[in-house]
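Student: I'd like to ask you about the structure that follows.
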Amino acid sequence: MSEKKSDQSIIKPLENNAVFLCGDLDDLAVESLWNEFGIQSWLYLNPERNEWNPRAKVRSFERKEEGREEKTRFKVIPIDGTNLNEHLKNDLLEYMRTEFKTPAVIQCSTATRAGIPYVLYLAEKFSLSFETAMRVARDMELNVTTRENFVQFLKRSIEKKSLSDSEVIFRQLFEKESSTYTYLLGCAETRECLLIDPVLETVERDLRVVDELGLKLKLCVNTHCHADHITGSGEIKKMRKEVKSVISKRAGAMADVLIDEGDVVQVGTSVKLKCLATPGHTDGCVSFVLGDNTDVFTGDALLIRGCGRTDFQGGSSETLFDGVTGKLFGGLPDTCKVWPAHDYKGRMVSTIGEEKRLNPRLGAGKTKEEFVQIMKDLNLPYPKKIDASLPRNLKCGAEE
């Protein structure tokens with residue numbers, strides 16, 4: 011068989027090269043993906059007889075690798091404009107649940123339809139609402155968001171979900187420059203809401219979301235005194251006089267409400283956040299546990315497969331280790347969702363169980379001594395925004 015060649019092979023890497031959404035690939039592109047990343051599952055969304063079907067090429071690589079533990083899970087599930095139905099949804103979800111294994115390729119002709127099973131997978135794995143799943147897809151610049159028929163199929167396929175129950179309104183918002191997550195939590199009954207870790211540059215966006223949802227913003231809550239961005243709390247308070255700011259009293263920063271271990275931050279009847287002191291990144295770091303230990307907002311104390319640095323602002327590796335392993339790993343169920351203040355690789359949420367097993371700094375049975383040495387060996391550069399951010403954040407984001 012002669013080698014297929016294409017003028018342009020579309021390859022969109024996601025999740026730090028764990029998933030590749032692809033268009034038609036010539037033989038060289040298929041070989042490159044195979045050799046460089048060791049692909050474990052391959053989902054093809056064109057008909058079996060399509061001339062660009064890479065099944066034969068993939069199988070030829072497998073035959074050459076006799077020592078490979080198991081064959082790549084190559085599956086064909088055609089998607090076209092005529093079969094966007096419940097049967098297709100079930101087929102895609104069944105594949106993603108049972109055969110999808112990273113590093114993975116999801117392939118169609120232009121990498122557009124490839125976004126469909128991936129968005130379904132994210133929505134189910136992380137209990138995302140349709141709106142949140144679409145926002146994530148747009149942030150990832152997935153082509154599927156530009157096709158109305160595909161978007162409507164996803165809307166029908168993704169069950170409406172909230173953070174922990176139907177009484178809580180939840181949005182995860184993202185600021186790209188500092189890779190900061192801001193969280194909106196609202197009470198469906200009273201329409202009151204709060205923001206966790208708002209960022210100055212996205213204040214207008216955050217308030218627009220609040221207004222679009224018909225909510226009344228009551229509180230701006232910070233998990234700690236940030237050094238990588240200026241908090242949006244001060245600007246929001248200027249624009250909405252009724253809003254109050256909240257921070258740990260151990261942070262040494264100004265706020266309307268100063269909280270400590272065990273205090274509960276509440277808006278409405280359904281949003282109740284219990285404060286857990288988790289210092290170590292800074293002296294004043296806290297995590298907020300929602301409801302019956304279903305979700306925790308960890309700030310910089312615990313990140314997805316990482317943690318905040320411990321070499322400035324009164325940081326302590328020993329203290330961070332004790333707080334995370336004792337209060338978070340030791341005090342919350344494995345199913346508790348972890349919502350961090352930052353992620354630099356496009357990840358949105360984890361769980362306590364995942365981080366206990368997979369976090370390379372704090373999990374997988376790491377001892378305190380090992381963690382301290384890991385943090386010592388990081389040799390991180392001086393935070394580039396600390397000189398501008400920290401003085402303002404100590405004053406609730408107010409200008410000098």
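Numbering (our numbering), first residue to last: 11 to 410. Backbone N, C-alpha and C fix where the C-beta goes; we use that ideal spot for every residue, glycine too.
1. Enumerated in chain order, which unbroken segments of the beta strand (DSSP E) with a length of 3 residues or greater are wholly contained in the segment 96-176?
2. According to the neighbour-count rule (16 or more other Cβ atoms, all chains shown, within 10 Å of its Cβ), is Gly196 buried or exposed?
3. Would you report the Cα separation of Ser42 and Ala265, rounded to the nearest angstrom?
4. Hey, quick one: how far does the beta strand (DSSP E) through Ala287 stretch, first residue to last?
5. Checking the sheet assignment: what are the DSSP bridge partners for Leu31?
6. With DSSP as the reference, label Asp305 as helix, strand or coil.
7. Would you call the segment 63-70 and the segment 88-105 touching, i.e. three or more CB-CB distances under 8 Å?
8. Please classify Lys251 as buried or exposed, where buried requires at least 16 neighbouring CB atoms within 10 angstroms.
9. Looking at the unbroken alpha helix (DSSP H) that takes in Gln414, where does it start and where does it end?
10. Just curious, the beta strand (DSSP E) that Gly196 is in, first and last residue?
11. Going along the chain, which residues of its own chain have a beta-carbon closer than 6 Å to the beta-carbon of Arg148, five neighbours each way excluded?
12. Assuming contact is defined by CB atoms lying nearer than 8 Å, are Ser297 and Leu286 in contact in what I supplied?
13. What are the boundary residues of the beta strand (DSSP E) that includes Lys51?
14. Would you give the residue range spanned by the alpha helix (DSSP H) that Arg218 belongs to?
15. Give a yes or no on whether the C-beta atoms belonging to Ile20 and Gly33 are separated by under 8 Å.
16. Identify the continuous beta strand (DSSP E) that holds Trp44 and give its terminal residues.
17. Please name the residue in Leu138, Val178 and Gln182 whose C-alpha comes closest to that of Lys165.
18. Please state the DSSP three-state secondary structure of Gly414.
19. Looking at Thr233 and Cys317, is the spacing between their C-beta atoms short of 8 Å?
20. Residue range of the alpha helix (DSSP H) that Leu368 falls in?
21. From Leu31, Arg123 and Ser70, pick the residue whose C-alpha is nearest to that of Leu94; which is it?
22. Between the segment 377-390 and the segment 325-338, do three or more beta carbon pairs fall short of 8 Å?
23. With Val275 and Lys254 assumed to form a contact (beta carbons below 8 Å), what rounded beta-carbon distance in angstroms separates them?
24. Compare the beta carbon distance of Val209 and Gly242 with 8 Å and say whether it is the shorter of the two.
25. Helix, strand or coil for Cys295 per DSSP?
26. Suppose you measure from the CA of Thr92 to the CA of Phe110; what does that come to, to the nearest Å?
27. If contacts are defined as beta-carbon pairs under 8 Å, then His352 and Ser189 qualify, I think. What distance do you get, rounded to the angstrom?
28. Can you list, in chain order, the residues of its chain with a C-beta nearer than 7 Å to that of Glu98? Leave out the 5 residues immediately preceding and following it.
29. Using three-state DSSP, classify Ser326 as helix, strand or coil.
30. Under the DSSP definition of a beta bridge, which residues are partnered with Thr92?
31. Excluding the five sequence neighbours on either side, which residues of its own chain have a C-beta within less than 6 Å of the C-beta of Arg83, listed in chain order?
32. Where DSSP assigns a beta bridge to Trp349, which residues make up the other side?
33. Following the continuous beta strand (DSSP E) through Ile257, name the residue where it begins and the one where it ends.
34. Take Asp9 and list the residues in its own chain whose beta-carbon comes closer than 6 Å to its own, dropping the five residues that flank it on each side.
35. Spell out whether any CB of chain B is found under 8 Å from the CB atom of Cys203.
Tutor: With the given structure in hand:
1. For the segment 96-176, whole beta strand (DSSP E) runs of length 3 or above, ordered along the chain, are 114-117.
2. Working through the sequence shown from its first residue, we reach residue 196 at position 186. Label assigned to Gly196: buried.
3. On the sequence shown, position 32 is the one that residue 42 refers to. On the sequence shown, position 255 is the one that residue 265 refers to. So the two alpha carbons sit approximately 54 Å from each other.
4. Mapped onto the sequence shown, residue 287 falls at position 277. Secondary structure note for Ala287: its beta strand (DSSP E) is the uninterrupted segment Val281 to Ala287.
5. Position 21 of the sequence shown, counted from the first residue, corresponds to residue 31. Partner(s): Lys22 and Ile116.
6. Residue numbering aside, residue 305 sits at position 295 when the sequence shown is read from its first letter. In this structure, DSSP gives Asp305 an extended state, which the three-state scheme calls strand.
7. no
8. By 1-based counting over the sequence shown, the position of residue 251 is 241. Exposed is the call here.
9. Outside the displayed span of the chain (11 to 410) sits residue 414, for which this structure offers no information.
10. Position 186 of the sequence shown, counted from the first residue, corresponds to residue 196. That run of the beta strand (DSSP E) goes Thr190 to Cys197.
11. Walking along the sequence shown from the start, residue 148 turns up at place 138. The residues are Thr155.
12. For the purposes of this step, residue 297 is identified with residue 287 of the sequence shown, where counting begins at 1. For the purposes of this step, residue 286 is identified with residue 276 of the sequence shown, where counting begins at 1. Yes; because the gap between Cβ atoms is below 8 Å, this pair is in contact.
13. Here residue 51 corresponds to residue number 41 of the sequence shown, with the count starting at 1. Residue 51 is actually Ser in this sequence, not Lys. Residues Ser51 to Tyr54.
14. Numbered from 1 along the sequence shown, position 208 holds the residue referred to as residue 218. Counting along the chain, the alpha helix (DSSP H) containing Arg218 begins and ends at Val213 to Glu222.
15. Numbered from its first residue, the sequence shown carries residue 20 at position 10. Numbered from its first residue, the sequence shown carries residue 33 at position 23. By the CB criterion at 8 Å, Ile20 and Gly33 fall inside the cutoff.
16. For the purposes of this step, residue 44 is taken as the residue at position 34 of the sequence shown. Careful: Trp44 lies outside any beta strand (DSSP E), inside the alpha helix (DSSP H) at Asp37 to Phe47.
17. The count along the sequence shown starts at 1 and reaches residue 165 at position 155. Selected option, being the one with the closest Cα: Leu138.
18. Outside the displayed span of the chain (11 to 410) sits residue 414, for which this structure offers no information.
19. Taking the sequence shown and counting its residues from 1, the one referred to as residue 317 is at position 307. Taking the sequence shown and counting its residues from 1, the one referred to as residue 233 is at position 223. In this structure, Thr233 does not lie closer than 8 Å to Cys317 by Cβ.
20. The residue given as residue 368 occupies position 358 in the sequence shown. Residues Ile362 to Leu368.
21. Position 84 of the sequence shown, counting from 1, holds the residue named residue 94. Residue Arg123 holds the alpha-carbon nearest to the alpha-carbon of Leu94 among Leu31, Arg123 and Ser70.
22. yes
23. Against the sequence shown, residue 275 aligns to sequence position 265. Against the sequence shown, residue 254 aligns to sequence position 244. That pair is no contact at about 10 Å.
24. Along the sequence shown, one-based indexing puts residue 209 at 199. Along the sequence shown, one-based indexing puts residue 242 at 232. Yes; because the gap between Cβ atoms is below 8 Å, this pair is in contact.
25. Translated into the one-based positions of the sequence shown, residue 295 becomes position 285. Cys295 carries a coil assignment under DSSP once its states are collapsed to helix, strand and coil.
26. Taking the sequence shown and counting its residues from 1, one reaches residue 92 at position 82. Taking the sequence shown and counting its residues from 1, one reaches residue 110 at position 100. Distance between the alpha carbons of Thr92 and Phe110 is about 24 Å.
27. Within the sequence shown, numbered from 1, the residue matching residue 352 stands at position 342. Within the sequence shown, numbered from 1, the residue matching residue 189 stands at position 179. Between Ser189 and His352 the Cβ distance is about 5 Å, and since that is below 8 Å, they are a contact.
28. Within the sequence shown, numbered from 1, the residue matching residue 98 stands at position 88. For the sequence presented, residue 98 should be read as Leu rather than Glu. Beyond the five residues adjoining it in sequence on each side, Leu98 comes within less than 7 Å, by CB distance, of Ile89 in the same chain, given in chain order.
29. Counting from one through the sequence shown, the residue named residue 326 turns up at place 316. Looking at Ser326 - three-state DSSP - the assignment turns out to be coil, as it is neither helix nor strand.
30. As a working note, residue 92 is residue 82 in the sequence shown. Thr92 pairs with nothing; no bridge assigned.
31. The residue labelled residue 83 in the question sits at position 73 within the sequence shown. Same-chain partners within the cutoff: Ser51 and Glu109.
32. Within the sequence shown, numbered from 1, the residue matching residue 349 stands at position 339. According to DSSP, Trp349 shares a beta bridge with Phe307.
33. Here residue 257 refers to the residue found at position 247 of the sequence shown. Its beta strand (DSSP E) spans residues Lys254 to Ser258.
34. With the chain covering 11 to 410 only, the question about residue 9 has no answer from this structure.
35. Absent here is chain B; the protein component of the structure consists of one chain.
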